[in-house]
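All remarks here apply to the structure that follows.
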Amino acid sequence: NEIYLHGLEGRIPPFTTDPTALEASARERMEPGPFWYVAGSAGSGATDRANRAAFDQRRLVPRMLTDATERSLRTTVLGTELPAPVLLAPVGVQSILHPDGELATARAAAELGVPIVLSTASSYTLEQVAEASGAGPRWFQLYWPNDDAVCVSILERARAAGYTTLVVTLDTWTLAWRPHDLDQSYLPFIRGVGTAIPLSDPAFRAGLARSPEDDPGSAVLHWVSMFTGTDRGWDRLSFLRAHWDGPILLKGVLHPEDARRAVDAGMDGVIVSNHGGRQVDGAIAALDALPAIAEEVGAEAEVLFDSGVRGGADVLKALALGAGAVLLGRPYAYGLAHDGADGVRHVLRGLLADLELTLGLSGHRSPADLSPAALTRQP
Ligand code: FNR
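Residue numbers (full-length UniProt numbering): 11 to 389.
Spelled out as structure tokens, the structure:
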């Protein structure tokens, strides 16, 4: 109705509401460096394309006269009610997309009650983002440092600042071969100094010979080395469990046996994700990995999903295949680049409206109504 009224007044949306045109629209406005930081993926881009193809291969089979006039997107994730089965995925270094970066994202999300998942590679400190998010729901994404004192310090700060749920990203223990970033020597990324959380951390600073202000290069290299490597194995998850008293989800799980190990290790769930195709080039599409993981652990743990979600129908397809909710990545980053908090709000409201309409038009009243029976698969 709001849009019809705007139409009568001759007002049009600030930028496109077409999720497939959003990237091109962002490209017109962004510098190439930040644009390719968002748009790029690993290697040949095969997994990024596979993520989209997996959505295209599934089609909703709408049902008629199901009385979906009254409907709601409300859903429960980890025992907490959310306005919709949608969260904002962790995206690092947002200040290179807009000067307000994560602060703008946090403000827009809080207004809509949509949880943010703040990245360890944030350009603002977790306390600054918490203040911007106010009463809004917020989760924290950990890149797991190899220094236990730094890890505990970051976790304690996150808890104190009101982040309720910990997301531990497993798939990025070193950065993949990302041609678009390599072609510019990661310059936009480094300029964005996506290191605010570690650099502001007393335990991290204590390990530096010179302060980050006096010697930023050494601090950044120390930061990179601290988050690189796989020495933190399955048996070390008990360490995180002991230092975080809220729910913990493992992000980047693609194999049902890994999901099983996560649950056996006392984790509360997993996020089925291939990092938007940015890590293992040629990896399985995240949507193709979802059904077996939901089958393996869905009855006893939370199964969330990301990688390739662009519109409302995509959210419904992921829910039908067993996800409790989805995380949105690049689309809101493009919204931020367009217009700060207003741009994030525009993208998010568009996605939620599309989701709500498509839910009803396909014959469902609530996210809980979705099951694999809602879908058919095209070759
Ligand atoms: C990411 N992603 C990510 N994940 C994470 O755990 N920590 C991080 O700091 C980042 N940073 C990041 C930056 C950018 C620019 C992108 C595009 C992605 C991955 C992100 O959380 C999510 O898994 C994907 O973005 C989901 O795929 P789509 O929605 O972008 O296709």
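In this text, a Cβ means the ideal position worked out from N, Cα and C, and glycines have one as well.
Rounded separation between L83 and R359 - CA only: What you label residue 83 is simply residue 73 of the sequence shown in a count that begins at 1. What you label residue 359 is simply residue 349 of the sequence shown in a count that begins at 1. Whole-angstrom Cα-Cα distance: 13 Å.
Cβ contact check for the stretch 315-327 and the stretch 59-67: 3 or more pairs under 8 Å: yes
Spatial distance of A116 from L231 (CA atoms): For the purposes of this step, residue 116 is identified with residue 106 of the sequence shown, where counting begins at 1. For the purposes of this step, residue 231 is identified with residue 221 of the sequence shown, where counting begins at 1. So the two alpha carbons sit approximately 28 Å from each other.
Local Cβ density within 10 Å of L31, reported as buried at 16 or more and exposed below that: In the sequence shown, counting from the first residue as 1, residue 31 sits at position 21. Inspection of the sequence shows that residue 31 is occupied by Ala rather than by Leu. Burial call: exposed.
Cβ-Cβ distance between V313 and G292 below 8 Å: Position 303 of the sequence shown, counting from 1, holds the residue named residue 313. Position 282 of the sequence shown, counting from 1, holds the residue named residue 292. No, these two residues do not count as a Cβ contact at 8 Å.
Residues bridged to L259 [DSSP beta-bridge criterion]: As a working mapping, residue 259 is identified with position 249 in the sequence shown. The partner list for L259 (beta bridge, DSSP) reads V177, G279.
Contiguous alpha helix (DSSP H) assignments of at least 4 residues, all confined to the stretch 90-168: 111-122, 136-143
Three CB pairs or more closer than 8 Å across the stretch 265-278 and the stretch 235-252: yes
Residues of its chain near T386, where Cβ-Cβ distance is below 6 Å and the 5 sequence neighbours each way are ignored: If you number the sequence shown from 1, residue 386 lands on position 376. Excluding sequence neighbours, T386 sits near R69, V71.
Inter-residue spacing [alpha-carbon to alpha-carbon] between S105 and M74: Working through the sequence shown from its first residue, we reach residue 105 at position 95. Working through the sequence shown from its first residue, we reach residue 74 at position 64. Cα to Cα, the separation comes out at about 46 Å.
Buried versus exposed call for A219 [16 or more other C-beta atoms within 10 Å across all chains shown]: By one-based count along the sequence shown, residue 219 stands at place 209. By the neighbour-count rule (16 or more Cβ atoms within 10 Å), A219 is not buried but exposed.
Other residues of its chain near P155: CB distance less than 7 Å, five sequence neighbours each side excluded: One-based indexing of the sequence shown puts residue 155 at position 145. C161, M236, F237, listed in sequence order.
Spatial neighbours of L337 in its chain, beta-carbon cut-off 6 Å, leaving aside the 5 residues before and after: The residue given as residue 337 occupies position 327 in the sequence shown. Cβ-Cβ distances below 6 Å link L337 to L97, A99, D316 in the same chain, with the five nearest sequence neighbours on each side left out; the list follows chain order.
Extent of the continuous beta strand (DSSP E) run through A335: Working through the sequence shown from its first residue, we reach residue 335 at position 325. Where A335 is concerned, the enclosing beta strand (DSSP E) stretches over 335-338.
K327 beta carbon near the ligand FNR (any heavy atom closer than 7 Å): Position 317 of the sequence shown, counted from the first residue, corresponds to residue 327. Every heavy atom of the ligand FNR is 7 Å or more from the Cβ of K327, so no.
Three-state class that DSSP yields for F25 in the structure shown: The residue given as residue 25 occupies position 15 in the sequence shown. Coil, per DSSP.
Where V139 falls, given that 16 or more other Cβ within 10 Å makes a residue buried: For the purposes of this step, residue 139 is identified with residue 129 of the sequence shown, where counting begins at 1. Buried, since its Cβ has 16 or more Cβ neighbours within 10 Å.
As assigned by DSSP and simplified to three states, the class of T238: On the sequence shown, residue 238 is found 228 positions in, with the first residue counted as 1. Coil at T238, not helix or strand.
Opposing strand residues paired with T86 [DSSP bridges]: Position 76 of the sequence shown, counting from 1, holds the residue named residue 86. Paired residues: E91.
Distance between L260 and Q151 (C-alpha atoms, nearest Å): On the sequence shown, residue 151 is found 141 positions in, with the first residue counted as 1. On the sequence shown, residue 260 is found 250 positions in, with the first residue counted as 1. Whole-angstrom Cα-Cα distance: 10 Å.
Proximity to G353 [Cα-Cα], best of P24, Y14, E12: Within the sequence shown, numbered from 1, the residue matching residue 353 stands at position 343. It is P24 whose Cα lies nearest to the Cα of G353.
Check whether A299 and L264 have beta carbons under 8 Å apart: In the sequence shown, counting from the first residue as 1, residue 299 sits at position 289. In the sequence shown, counting from the first residue as 1, residue 264 sits at position 254. In contact: A299 and L264 (Cβ atoms closer than 8 Å).
Rounded distance between the beta-carbons of T179 and G256, thought under 8 Å: To locate residue 256, count along the sequence shown from 1; it is residue 246. To locate residue 179, count along the sequence shown from 1; it is residue 169. No, G256 and T179 are not in contact; Cβ-Cβ is about 17 Å, not under 8 Å.
E312 - containing beta strand (DSSP E), residue span: Within the sequence shown, numbered from 1, the residue matching residue 312 stands at position 302. E312 -> beta strand (DSSP E) spans 312-316.
Inter-residue spacing [alpha-carbon to alpha-carbon] between A78 and P147: In the sequence shown, counting from the first residue as 1, residue 78 sits at position 68. In the sequence shown, counting from the first residue as 1, residue 147 sits at position 137. Approximately 29 Å between the Cα atoms of the pair.
8 Å Cβ cutoff met for D181 and Q289: For the purposes of this step, residue 181 is identified with residue 171 of the sequence shown, where counting begins at 1. For the purposes of this step, residue 289 is identified with residue 279 of the sequence shown, where counting begins at 1. Their beta carbons are under 8 Å apart, which means D181 touches Q289 by this criterion.
With 16 other Cβ atoms within 10 Å as the buried cut-off, status of T184: Taking the first residue of the sequence shown as position 1, residue 184 is located at position 174. So T184 ends up on the exposed side.
Residue span of the beta strand (DSSP E) that contains V264, given as start and end: Taking the sequence shown and counting its residues from 1, one reaches residue 264 at position 254. Per the sequence presented here, residue 264 reads as Leu, with Val not at that position. Per DSSP, L264 belongs to no beta strand (DSSP E) and is neither H nor E.
Neighbour-count burial assignment, D224, 16 or more Cβ in a 10 Å radius: In the sequence shown, residue 224 corresponds to position 214, counting from 1. Counting every other CB atom within 10 Å of its CB across the protein chains shown gives D224 a total below 16, marking it as exposed.
Cβ-Cβ distance between L122 and P93 below 8 Å: Position 112 of the sequence shown, counted from the start, is the residue given in the question as residue 122. Position 83 of the sequence shown, counted from the start, is the residue given in the question as residue 93. Going by C-beta atoms, L122 is nearer than 8 Å to P93.
Chain-order list of residues whose beta-carbon lies under 7 Å from that of S129 (same chain, five-residue window excluded): Here the question's residue 129 lines up with position 119 in the sequence shown. Same-chain partners within the cutoff: P100, V101, G102, Q151.
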